[in-house]
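Line by line, the protein sequences give chains G and F.
So that you can map any letter, position 116 of the first sequence is 144 in my numbering, and since no number is skipped, the others follow by simple counting.
So that you can map any letter, position 68 of the second sequence is 208 in my numbering, and since no number is skipped, the others follow by simple counting.
Don't be surprised by glycine CBs; every beta carbon is placed ideally from N, CA and C.
See structure below.
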Amino acid sequence: MINEIIGTILICAGIAFDFFGVLGLVRLPDVYNRLQAATKCVTFGTAGILLGVLIIQGFNAFGIKCIIGIIFIFLTSPVGAHAISRAAHRAGIKLTGESIVDIYAEDKELKESSTK
Amino acid sequence: MKIKTRSRLVVFILSAFVWFALTNMKNWQEVFVGLLLSLLVSLIAGQFLITTEKTKHLFLRILAFAKYFLRFIWEMIKANFHVAYIVLHPDLPIKPGIVKVKTKLTKDSAKTILCNSITLTPGTMTVDINPDKNEIYIHWIDIVTKDYYNIDENTATISAKFEKLLTEVFE
């Protein structure tokens with residue numbers, strides 16, 4: 029009984045954070061800011077949902093799959109965000125107009141001008 | 141035991157564990173195929189997991205990792221509330237930009253973990269790494285340092301808390 033209550037609370041919190049992540053995906057200006065919201069909130073929210081399922085189910089075949097899911101989400105989600113943002117920057121997508129500094133682009137120009 | 145053999149053994153145990161967790165081990169055929177596949181994986185890709193001899197005792201490193209993990213979970217909860225605050229605020233209070241930090245970690249695995257933790261902690265996301273100079277480029281959604289070209293200040297704000305803990309785990 030108490031397991032089900034804790035698990036349901038965790039699942040609800042996870043869904044709430046997933047919702048914030050999706051809201052950020054719609055509201056924030058450029059691809060980098062959107063990735064920030066998407067990776068942080070969606071990783072944590074989905075991990076919360078899986079943890080809730082684990083607590084409701086207990087350590088049976090179902091629950092152990094949840095643990096594996098949590099581990100792989102934590103390992104792969106930041107790597108995916110890193111790959112997408114790097115590819116976006118290489119493809120020449122500019123940061124939004126509100127941005128104040130882009131040292132990455134400056135360093136790249138410096139490198140290109142020194143090799144020419 | 142040689143390092144390569146030990147690395148292969150660790151990979152074998154890990155992949156067998158993942159297989160047994162995913163299947164439900166009702167009959168011997170599943171167990172047999174699982175062991176066979178783990179052996180194959182450990183023979184092909186096993187030597188890349190552990191490449192250097194560690195000086196510290198395993199128990200101390202596990203303790204350090206637990207300390208790092210608790211800190212990481214706390215930072216992650218903070219990060220989520222930070223994003224929720226930004227997203228729900230009507231004016232979207234952001235000040236984004238890409239800054240540069242330095243790292244003293246030398247091993248690839250340690251750097252990977254550091255970059256992943258930076259991505260999942262408040263307001264920061266790793267964009268690229270310069271392996272020659274050990275510099276990480278970080279997209280920061282709300283820059284708080286005054287002089288954003290100052291690498292030391294950025295390092296102290298963003299990555300110093302994890303770097304110290306990870307040094308204990310990996311070096």
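Please check if any C-beta of chain C sits within less than 8 Å of the C-beta of residue i.
i: F/Ala250; result: Absence of chain C from the displayed structure is noted, the protein chains being G and F.
Determine the contact status of residue i and residue j, defining contact as a CB-CB distance below 8 Å.
i: G/Gly42; j: G/Gly73; result: yes
i: G/Arg63; j: G/Ser113; result: The sequence as given places Leu at residue 63 of chain G; Arg does not occur at that position. Yes; because the gap between Cβ atoms is below 8 Å, this pair is in contact.
i: G/Val129; j: F/Ile238; result: yes
i: F/Ile184; j: F/Val150; result: no
i: F/Ile278; j: F/Ile253; result: no
i: F/Leu219; j: G/Phe48; result: Before going further, note that residue 219 of chain F is Ala rather than Leu in the sequence given. No, these two residues do not count as a Cβ contact at 8 Å.
i: F/Pro114; j: G/Thr124; result: Examination of residue 114 of chain F is not possible in this model, given that chain F is present from 141 through 311 alone.
i: G/Gly35; j: G/Ile99; result: no
i: F/Leu175; j: G/Ile96; result: no
i: F/Val241; j: F/Ile213; result: no
i: F/Asn274; j: F/Thr243; result: yes
i: F/Ser178; j: F/Ser155; result: yes
i: G/Gly76; j: G/Phe45; result: yes
Whose CA, out of the options, lies closest to the CA of residue i?
i: F/His229; options: G/Cys40, G/Asn31, G/Arg55, G/Ile30; result: G/Arg55
i: G/Phe102; options: F/Phe188, F/Cys255, F/Arg146; result: F/Cys255
i: F/Ile133; options: F/Met216, F/Thr285, F/Asp272, F/Thr192; result: Residue 133 of chain F lies beyond the residue range present for chain F, which begins at 141 and ends at 311; the question has no answer from this structure.
i: F/Gln187; options: F/Phe152, F/Lys286, F/Leu260; result: F/Phe152
i: G/Gly120; options: G/Pro106, G/Glu137, G/Glu126; result: G/Glu137
i: F/Ala300; options: F/Thr261, F/Asp268, F/Gln169, F/Asn270; result: F/Thr261
i: G/Ala109; options: F/Asp268, F/Thr307, F/Ser249; result: F/Asp268
Find the residues of chain F that neighbour residue i, judging by a C-beta separation of less than 8 Å, and give them in chain order.
i: G/Thr124; result: Pro236
i: G/Leu79; result: Near G/Leu79 there are no residues of chain F at all, since even the closest Cβ is about 11 Å away, more than 8 Å.
Compute the minimum distance between the beta carbon of residue i and the heavy atoms of the ligand MG, and state whether it is under 7 Å.
i: F/Met265; result: By its list of ligands, the structure shown contains no ligand whatsoever, and the ligand MG lies outside what it can speak to.
Could you work out which residues of chain F lie near residue i, taking near to mean beta carbons separated by less than 7 Å?
i: G/Ala65; result: Val223, Val227
i: G/Arg55; result: Val227, Leu232
i: G/Phe87; result: Near G/Phe87 there are no residues of chain F at all, since even the closest Cβ is about 11 Å away, more than 7 Å.
i: G/Asp130; result: Gly237, Ile238
i: G/Cys69; result: Asn220, Val223
Would residue i be called buried (16 or more neighbouring beta carbons within 10 Å of its own) or exposed?
i: G/Ala66; result: buried
i: F/Thr264; result: buried
i: F/Phe310; result: buried
i: F/Phe172; result: exposed
i: G/Tyr60; result: buried
i: F/Asn294; result: buried
What does residue i touch in chain G if you count any residue whose Cβ is under 7 Å from its own?
i: F/Asn290; result: Those within 7 Å of F/Asn290 in chain G number zero; the least Cβ separation is about 11 Å.
Can you list the residues of chain G that residue i reaches, using a CB-CB cut of under 8 Å?
i: F/Ile298; result: Neighbours of F/Ile298 on chain G: none; closest Cβ ~13 Å, over 8 Å.
i: F/Val267; result: Tyr60, His110, Ser113, Arg114, His117, Tyr132
Interface positions of the region 107-120 of chain G facing chain F (Cβ-Cβ less than 8 Å), listed along the chain: The residues in question are Val107, Ala109, His110, Ser113, Arg114, His117.
Please identify, using Cβ separations under 8 Å, the residues of the region 149-161 of chain F that lie next to chain G, in order along the chain. Residues of the region 149-161 of chain F with a Cβ closer than 8 Å to any Cβ of chain G, in chain order: Val158, Ala161.
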